[in-house]
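Position 9, counted from 1, in the sequence shown is what UniProt numbering calls 9; the numbers after and before it change by one each time, with no gaps.
By construction, the Cβ of each residue, glycine as well, lies at the ideal position given by its N, Cα and C atoms.
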Amino acid sequence: MITDNAPKAATDAPPSAKLVLTVIAHEGSLTQSQLVEETMLPARTIRYALKQLGEDNLVTSEISFMDARQNIYSLNNDWFTEVASR
Numbered sequence: 001m002i003t004d005n006a007p008k009a010a011t012d013a014p015p016s017a018k019l020v021l022t023v024i025a026h027e028g029s030l031t032q033s034q035l036v037e038e039t040m041l042p043a044r045t046i047r048y049a050l051k052q053l054g055e056d057n058l059v060t061s062e063i064s065f066m067d068a069r070q071n072i073y074s075l076n077n078d079w080f081t082e083v084a085s086r
C-alpha cells in the first residue's frame, strides 16, 4: 500500500530519520548496523528512524540472506516510481 502522505512524512520526519533516508538513498540497501556506522547515530535512534520511515512506506525491509538475524533496509521503490510517474 502506497500512501499519499509520504512526502509530508519525509518533510515532517525528525532530522535523524531524514539522515537515515538520505544515507539509504545515497548508499543503497543497508543493515541497521551499517546505518549506525554510516550515520554515527546510536542504534536506538536508527531503530526509531527506521520504524517511522517504514510506517510511512518510505523504506522497506527484507531479511538478509547472509544473516537471517538482520534486516536489509532500502528505499520503497514502488512509492518513488509512482511519484516519478505523476
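Own chain partners of residue i with C-beta closer than 7 Å, once the 5 adjacent residues on each side are dropped
i	result
Ala-9	Asp-56 and Leu-58
Ala-52	Checking the displayed sequence, the identity of residue 52 turns out to be Gln instead of Ala. Correct list, in chain order: Ala-13 and Ala-17.
Neighbourhood of residue i by C-beta, 6 Å cutoff - its chain only, sequence neighbours within 5 removed
i	result
Ile-46	Gln-32, Leu-35 and Val-36
Gln-70	Thr-31 and Ser-64
Thr-11	none
Met-1	Unreliable positioning characterises Met-1 in this predicted model, as indicated by a pLDDT of 40, which lies under 50. The coordinate reading is nonetheless provided below. Once the five neighbours on either side are set aside, Met-1 has no close Cβ partner at all.
Residue environment, residue i, which counts as buried when at least 16 other CB atoms sit within 10 Å
i	result
residue 148	Within the shown structure, residues of the chain are numbered from 1 to 86, placing residue 148 beyond reach of any answer.
Ala-68	exposed
Ala-43	exposed
Proximal residues to residue i (C-beta, below 8 Å), its chain only, five neighbours per side dropped
i	result
Ile-72	Ser-29, Leu-30, Thr-31, Ser-61, Glu-62, Ile-63 and Ser-64
Continuous beta strand (DSSP E) assignments of at least 3 residues falling wholly in the UniProt domain "HTH marR-type" (14-69): 59-63
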